[in-house]
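This note's numbering numbers the first residue of the sequence shown as -10 and each following residue consecutively.
Ideal placement from N, C-alpha and C gives every residue a C-beta, glycine not left out.
Since we're looking at a predicted model, the values are computed, not measured.
Just below is one structure, and these are the notes that go with it.
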Amino acid sequence: MDIKQILRDMGFRFNKQFGQNFLTDENLLNNICNDAQIDGGTVLEIGAGAGTLTRVLSKHADSVIAFEIDRNLQKVLDITLADCKNVKVVMADVMRYKMPELESLCGGAYRVVANIPYYLTSPLIMRFVEEATNVTSLTLTIQKEVAERLAAKPATKDYGAITVAVNAVADVEITRILTRDLFYPQPNVDSAVVRITFNRSKFNIPNAALFRKVVRVSFAMRRKTLVNNLSVGFAISKEQAQDLLVACNLPVGCRGEELSVEQFVNLYQTIERLQLK
Ligand code: SAM
């Protein structure tokens, strides 16, 4: 199937605003499905584009639900997915769907596999991290720098609040790097495929809102010490913040970015015990 020709024949105009950079290499698309470890089941795709990934997903999964915001792609998808009977296309903005609505479309456990537009990366990942209940993994083609942030180790420049938030409930692995020339049209950054495998019982975090606050506060001013950030964020004295770190076996002069995810969980559990808000 010559996707580029179909797009030309249909007079399709790429819309930059929607981050339309399509993947066409079938081998690569198969490799992405292998990275996603799909063996049947339901896959939710966000941004079907011209349906190239959707077609390959339909071979690996029992059913595929594919969202696409751009109505101009409807007639392209009618052609490219004509023989994919297990695909349901939803022509809509995925961000307008509430998580329970999205999950009820999937019917039970599901994987997300998507080459997502750059502008959606963080909000989309955070929605699944914070709100989804039935998702087992996200295998996403995203900007390489963002993938590196998700997989970063403590005390590196890439390590930040999003790293901790994601790694507290999931395991993150970069499975491949995609150079920009693999996309049509070519973007001006390289990409990576990242697999985020949920494991929500990894840590005991009953009060997710408080955990998020601890992480946000700890990274609020990266140049400041953790004592400073905790003292401002939780309206406590510096001495109280120091006592808190001592109780957590953390050096009083440390910065938030030096803490492992486990240490963040320990800090949060201590803050919860002390009923700080
Ligand atoms: N999956 C295709 C591929 O790999 O070639 C297309 C990927 S392209 C990077 C991202 C797609 O997401 C575009 O087709 C774009 O129109 C669509 N999109 C952007 N924002 C969206 C949204 N909020 N909801 C659903 N689709 C969206």
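Asked: Endpoints, the beta strand (DSSP E) within which Ile151 is located; Found: No beta strand (DSSP E) holds Ile151; the alpha helix (DSSP H) holding it covers Ala150 to Asn156.
Asked: Where Gln132 sits in the DSSP three-state scheme; Found: strand
Asked: At least three beta-carbon pairs within less than 8 Å, the stretch 122 to 137 to the stretch 161 to 172; Found: yes
Asked: Cβ shell of Thr13 (< 6 Å), same chain only, five flanking positions each side left out; Found: Ile(-8), Thr41 and Tyr173
Asked: For Val101, the residue or residues it bridges with in DSSP; Found: Leu33 and Leu127
Asked: Secondary structure of Ser207, DSSP reduced to three states; Found: helix
Asked: Secondary structure of Arg2, DSSP reduced to three states; Found: coil
Asked: Whole-Å CB distance - Asn196 paired with Ala159, under 8 Å assumed; Found: In fact, because the Cβ distance is near 18 Å, the residues do not count as touching under 8 Å.
Asked: Short Cβ contact (8 Å threshold) for Pro176 with Asn19; Found: no
Asked: Residue environment, Tyr29, which counts as buried when at least 16 other CB atoms sit within 10 Å; Found: It is worth fixing the name first, because residue 29 is Gly in this sequence and not Tyr. When all chains shown are included, Gly29 counts as exposed.
Asked: DSSP three-state assignment for Phe223, whether helix, strand or coil; Found: coil
Asked: Integer Cβ distance of Ala55 from Thr43, believed to fall under 8 Å; Found: 5 Å
Asked: Test item: CB-CB of Leu284 and Gln252 under 8 Å; Found: The question about residue 284 has no answer, for the chain in this structure spans -10 to 266.
Asked: Cβ-based burial, Ser226 [other Cβ within 10 Å; buried from 16]; Found: exposed
Asked: Tyr173 in three-state terms, based on DSSP; Found: strand
Asked: Backbone CA spacing between Lys74 and Asp67 [nearest angstrom]; Found: 12 Å
Asked: Inter-residue CB distance, Glu162 and Ala140 (contact presumed, cutoff 8 Å); Found: 7 Å
Asked: Buried/exposed call for Ala224, threshold 16 Cβ in 10 Å; Found: exposed
Asked: Cβ-Cβ distance between Ala276 and Met88 below 8 Å; Found: Not covered by the structure: residue 276. The range shown for the chain is -10 to 266.
Asked: According to DSSP, residues forming a beta bridge with Glu57; Found: Met80
Asked: Host alpha helix (DSSP H) of Arg212 (start-end); Found: No alpha helix (DSSP H) contains Arg212, which DSSP labels as neither H nor E.
Asked: Proximity test, Ala39 beta-carbon vs ligand 1 heavy atom, cut-off 7 Å; Found: yes
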